[in-house]
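Some notes on the structure that comes next.
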């Protein structure tokens, strides 16, 4: 495995979208085209599966230096309500595009730190969203909670408006690692919020654990997973630290490349961690995710319903996902659109009745076919082009790029299909890259992506 890691550990996308953001055709994108794609998607999605909402709450009181997300570092809590009112105004602008009341199948609060906001303000936000929408009977509402500032009141207030899933960012319990990433977070804090969530009635608690962090050693990963076992979260996201310090506004500082585990060492952290999780009753879901037998995510994978979008892996596959808030990305299936990143610019545009778009991409028919193949690979570790609807004229060149992976035993190719073998699962991003035509046509001139392994 080590020699394969050295061979295939190259910069590559995580494929939360296809085409990936650096290859969006922003020159032909327009607000009118985006609104038309939203309307088309809403007609397909709403009455059948409902729609999804992602709400970006960007504020954090301190900078976690492992984080590559868009955020605003501040201790000014007087910013909460003006921002929430802007989000509700943006939702009103989208609601005007729909010709019937939307049905929300999935709603997720991400950040930043959603629990930066008071419980009362979060409840006000969700009540405002639901005034212009109905909630599906099997809706899944979830949020990201910071273990250091999530209170019982946060958990109760969000439970009362329909939230049943919460994700807590653990990262690593070792103090040296926590200091390096500026995230001092005792085990006791995680234990408390996990216990409170279950007492209140949440049916899915998730923990995020990261490997490959600065100064992180194998024994730190083992210790973190052993402690996690005590709390038995329903889901675990066990994923690689994405080192992208060159991105504008990134907080990844205070350490350098020499402080990070090398490729083989980093992969050993994952393989040992994965073995522990499997031994403790978790099942591998897609790429770097694990779930207990009872969790909806596992059932979705087993039923072939697992989906992946800008919110990560999800058991709900809605055609339309609207992103609200600064820097949020929306997905109509036919197109992508990202909001402006600056909070003040976002609020100003919304106040002037303008959907605050920054950039986007309308998918061609070819884009949609390749996107389906990449989703199949990411969610099911297999895909097929025997159906003419998924056939690509470039399939021979794609398979030619995968020939070496086939020789290395990572994939199995038949006349009309491709399967990623168990040995090849750590390299799923590399397999997807073979289908990524824009990436193959023009490799980026500058650093854009984290390493694939």
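Residue numbers (full-length UniProt numbering): 1 to 453. For each residue, glycine too, the CB sits at the ideal point set by N, CA and C.
Inter-residue distance for residue 352 and residue 325 is about 15 angstroms (C-alpha atoms, whole angstroms). For residue 42, the uninterrupted alpha helix (DSSP H) segment begins and ends at 31 to 45. The C-beta of residue 230 has fewer than 16 other C-beta atoms within 10 Å across all chains shown, which makes the residue exposed. The Cβ neighbour count for residue 363, taken over all protein chains shown within 10 Å, is at least 16; the residue is labelled buried. In this structure residue 357 touches residue 34 by the C-beta definition: roughly 6 angstroms separates them, less than 8 angstroms. If you look at residue 121, you'll find it in the alpha helix (DSSP H) that goes 119 to 130. Runs of the alpha helix (DSSP H) lying entirely within the segment 208 to 243 and spanning at least 4 residues, in chain order: 218 to 231.
If the five residues before and after residue 203 are omitted, its C-beta is found closer than 8 angstroms to the C-beta atoms of 164, 165, 234, all from its own chain and listed in chain order.
Rounded to the nearest whole angstrom, the C-alpha separation of residue 178 and residue 382 is 37 angstroms. Annotation: residue 23 to residue 439 spans about 8 angstroms, alpha carbon to alpha carbon. Using a Cβ distance threshold of 8 angstroms, residue 390 and residue 413 do not count as a contacting pair.
Residue 337 has 330, 360 as its beta-bridge partners, per DSSP. For residue 255, same chain residues with a beta-carbon under 7 angstroms away, outside a window of 5 residues either side, are 180, 214 in chain order. Contact check for residue 334 against residue 47 fails: the beta carbons are separated by 8 angstroms or more. For residue 314, DSSP records a beta bridge to 307. Residue burial annotation: residue 388 is exposed, with fewer than 16 other C-beta atoms found within 10 angstroms of its C-beta. The Cβ neighbour count for residue 73, taken over all protein chains shown within 10 Å, is under 16; the residue is labelled exposed.
Using a Cβ distance threshold of 8 angstroms, residue 90 and residue 350 count as a contacting pair.
Between the segment 167 to 175 and the segment 187 to 194 there are three or more inter-stretch CB-CB distances shorter than 8 angstroms, so the stretches are counted as touching. Note: residue 383 is bridge-paired with 418 in the DSSP secondary-structure output. A distance below 8 angstroms between beta-carbons, with the five flanking residues on each side excluded, links residue 421 to the following residues of its chain, in chain order: 409, 410, 411, 412. Given a length threshold of 4 residues, each whole run of the alpha helix (DSSP H) inside the segment 186 to 211 is given here in chain order: 187 to 200. Distance check between residue 342 and each of 243, 85, 58 places 58 closest, using alpha-carbon atoms only. Under the three-state reduction of DSSP, residue 170 is assigned to strand.
Counting only unbroken stretches of 3 or more residues, the beta strand (DSSP E) elements lying wholly within the segment 42 to 110 are 51 to 57, in sequence order. Boundaries cannot be given for residue 256, as no beta strand (DSSP E) includes it and DSSP labels it neither H nor E.
In its chain, beyond the 5 residues on either side, 73, 182 have a beta carbon closer than 8 angstroms to the beta carbon of residue 62.
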